[in-house]
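Numbered per the numbering used here, the sequence shown spans residues 101 to 488.
All residues carry an ideal CB built from backbone N, CA and C; glycine is no exception.
Report on one structure; see the data block that follows.
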Amino acid sequence: MSRFTLPRDIYFGKGTLETLKTLKGKKAVVVVGGGSMKRFGFLDKVEAYLKEAGMEVKLIEGVEPDPSVETVMNGAAVMREFQPDWIVSIGGGSPIDAAKAMWIFYEYPEFTFEQAVVPFGLPELRQKAKFVAIPSTSGTATEVTAFSVITNYKEKIKYPLADFNLTPDVAIVDPDLAQTMPAKLVAHTGMDALTHAIEAYVATLRSSFSDPLAMEAIEMIKDNLLKSYEGDTEARDEMHIAQCLAGMAFSNALLGITHSMAHKTGAVFHIPHGCANAIFLPYVIDFNKKACGERYAKIAKRLGLDGNTQDELIDALTNMIKEMNKKMNIPLTMKEYGVTEEDFKANLDFISENAVADACTSSNPRAISVDEMKKVFEATFYGNKVEF
Numbered sequence: 101m102s103r104f105t106l107p108r109d110i111y112f113g114k115g116t117l118e119t120l121k122t123l124k125g126k127k128a129v130v131v132v133g134g135g136s137m138k139r140f141g142f143l144d145k146v147e148a149y150l151k152e153a154g155m156e157v158k159l160i161e162g163v164e165p166d167p168s169v170e171t172v173m174n175g176a177a178v179m180r181e182f183q184p185d186w187i188v189s190i191g192g193g194s195p196i197d198a199a200k201a202m203w204i205f206y207e208y209p210e211f212t213f214e215q216a217v218v219p220f221g222l223p224e225l226r227q228k229a230k231f232v233a234i235p236s237t238s239g240t241a242t243e244v245t246a247f248s249v250i251t252n253y254k255e256k257i258k259y260p261l262a263d264f265n266l267t268p269d270v271a272i273v274d275p276d277l278a279q280t281m282p283a284k285l286v287a288h289t290g291m292d293a294l295t296h297a298i299e300a301y302v303a304t305l306r307s308s309f310s311d312p313l314a315m316e317a318i319e320m321i322k323d324n325l326l327k328s329y330e331g332d333t334e335a336r337d338e339m340h341i342a343q344c345l346a347g348m349a350f351s352n353a354l355l356g357i358t359h360s361m362a363h364k365t366g367a368v369f370h371i372p373h374g375c376a377n378a379i380f381l382p383y384v385i386d387f388n389k390k391a392c393g394e395r396y397a398k399i400a401k402r403l404g405l406d407g408n409t410q411d412e413l414i415d416a417l418t419n420m421i422k423e424m425n426k427k428m429n430i431p432l433t434m435k436e437y438g439v440t441e442e443d444f445k446a447n448l449d450f451i452s453e454n455a456v457a458d459a460c461t462s463s464n465p466r467a468i469s470v471d472e473m474k475k476v477f478e479a480t481f482y483g484n485k486v487e488f
């Protein structure tokens, strides 16, 4: 039996932040990251709208990029004391992911993080609160997904929590928030979204429900990402929708080893998630094409790329991705990013073993061993084409 899960309500378009006025409840906790949402006035609007809905509001501020287990547990403790019936998170992927994880331990204080990382093993949520997600970046799409990525800094591992329980009840996709992103963030989040869409299109759980969402997202990103990076406001609005479509696709079709690799190198080498995906994606396509070459070729054809054979079309797709990276000042290799050869070799076994064990690896279209993962990582470090 297959399943396709989305938030109950997705509000999209300019001004949809006002939807918060319509929520029914007594208390809302708002989880937010750094200062950008406050600086641009969006946090004040969120508080005002929730209070207009008749709710008492408490803030949990300062969620760091790549949120930690400690941040999650501290936030859950605040929630247990305040007892909200709505959890509202606004910002990039980090505060929304953190809020999702806090939700687990708010409702189930005795549950452990070790239990939470078991894919699709969470107890039933919504016993105490419902969840609203409001993204300010155009990439992670965590506002519509069943995932949350939390970092255990002691172990140097990012853990993707995966369970349909984590899918928000309400997603508010207001493009006004995305207009505040600096160009570098536009680049990284946009390539994250492209990776979501392409991986969803070839993942083992892809379906007739996820394919149209993934393909539409890929087309929209190709048409709008570079213009968004250059500051085009209409393109930014389109990217905010495109990344959400990609999220709907991958939340149900799942992902692949591009994300497995990004999770593990992000925690060790501190490569931003979207940047890591952008670097790894062309190499992973070359590895996976033995299992799903026709799917990648179909993407290339849909995008109007040149090629007479399947291999030529796939090369055109990987070249397009690399050209997009170049135009947005994203490195093409780990070495170019700044990872030293000494550090890379010292951590190669660790990142390879953990990438193979990552939850995203099981839905990759081609099975991969630890030795093969090492070879793919080596290709991404030195810039060699994957040909095995």
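CB contact flag (residue i, residue j, <8 angstroms)
i: residue 387; j: residue 361; result: no
i: residue 244; j: residue 109; result: no
i: residue 444; j: residue 481; result: yes
i: residue 355; j: residue 303; result: yes
i: residue 147; j: residue 132; result: no
i: residue 128; j: residue 257; result: no
i: residue 123; j: residue 186; result: yes
i: residue 201; j: residue 250; result: yes
i: residue 385; j: residue 417; result: yes
i: residue 268; j: residue 231; result: yes
i: residue 470; j: residue 369; result: no
i: residue 213; j: residue 169; result: yes
C-alpha gap between residue i and residue j, whole angstroms
i: residue 113; j: residue 341; result: 9 angstroms
i: residue 165; j: residue 197; result: 10 angstroms
i: residue 338; j: residue 323; result: 9 angstroms
i: residue 181; j: residue 389; result: 51 angstroms
i: residue 144; j: residue 118; result: 12 angstroms
i: residue 282; j: residue 173; result: 30 angstroms
i: residue 188; j: residue 476; result: 39 angstroms
i: residue 464; j: residue 382; result: 15 angstroms
i: residue 156; j: residue 226; result: 19 angstroms
i: residue 211; j: residue 412; result: 50 angstroms
i: residue 284; j: residue 329; result: 8 angstroms
i: residue 207; j: residue 349; result: 28 angstroms
i: residue 248; j: residue 266; result: 8 angstroms
i: residue 347; j: residue 375; result: 18 angstroms
i: residue 254; j: residue 456; result: 20 angstroms
i: residue 162; j: residue 135; result: 8 angstroms
i: residue 351; j: residue 294; result: 14 angstroms
i: residue 391; j: residue 115; result: 44 angstroms
i: residue 149; j: residue 228; result: 21 angstroms
i: residue 431; j: residue 485; result: 16 angstroms
Limits of the unbroken alpha helix (DSSP H) element including residue i
i: residue 374; result: 373-402
i: residue 294; result: 283-302
i: residue 358; result: 357-369
i: residue 195; result: 193-207
i: residue 419; result: 410-427
i: residue 182; result: 169-182
i: residue 145; result: 142-152
i: residue 277; result: 275-278
i: residue 327; result: 310-329
i: residue 475; result: 470-482
i: residue 345; result: 333-353
i: residue 447; result: 441-457
Residue nearest to residue i in terms of C-alpha spacing, selected from the options
i: residue 394; options: 383, 409, 175; result: 409
i: residue 139; options: 151, 168, 123, 236; result: 236
i: residue 273; options: 214, 318, 192, 414; result: 192
i: residue 460; options: 255, 377, 231, 478; result: 377
i: residue 183; options: 168, 167, 205, 162; result: 205
i: residue 325; options: 121, 136, 239; result: 239
i: residue 472; options: 483, 298, 453, 458; result: 453
i: residue 142; options: 369, 280, 321; result: 280
i: residue 292; options: 479, 241, 224, 433; result: 241
i: residue 331; options: 126, 278, 296; result: 278
i: residue 419; options: 483, 448, 442, 260; result: 483
i: residue 298; options: 276, 358, 254, 255; result: 358
i: residue 171; options: 151, 199, 154; result: 199
i: residue 276; options: 220, 336, 232, 315; result: 336
i: residue 107; options: 478, 401, 319, 344; result: 344
i: residue 446; options: 487, 474, 430; result: 474
i: residue 434; options: 220, 334, 365, 485; result: 365
i: residue 478; options: 154, 402, 441; result: 441
i: residue 312; options: 152, 399, 229; result: 399
i: residue 167; options: 111, 137, 252; result: 252
Cβ distance (whole Å) where residue i is taken to contact residue j below 8 angstroms
i: residue 175; j: residue 160; result: 5 angstroms
i: residue 353; j: residue 310; result: 4 angstroms
i: residue 264; j: residue 246; result: 5 angstroms
i: residue 307; j: residue 102; result: 6 angstroms
i: residue 458; j: residue 260; result: 7 angstroms
i: residue 290; j: residue 321; result: 6 angstroms
Where the beta strand (DSSP E) containing residue i begins and where it ends
i: residue 126; result: No beta strand (DSSP E) contains residue 126, which DSSP labels as neither H nor E.
i: residue 156; result: 156-160
i: residue 262; result: 257-262
i: residue 233; result: 230-235
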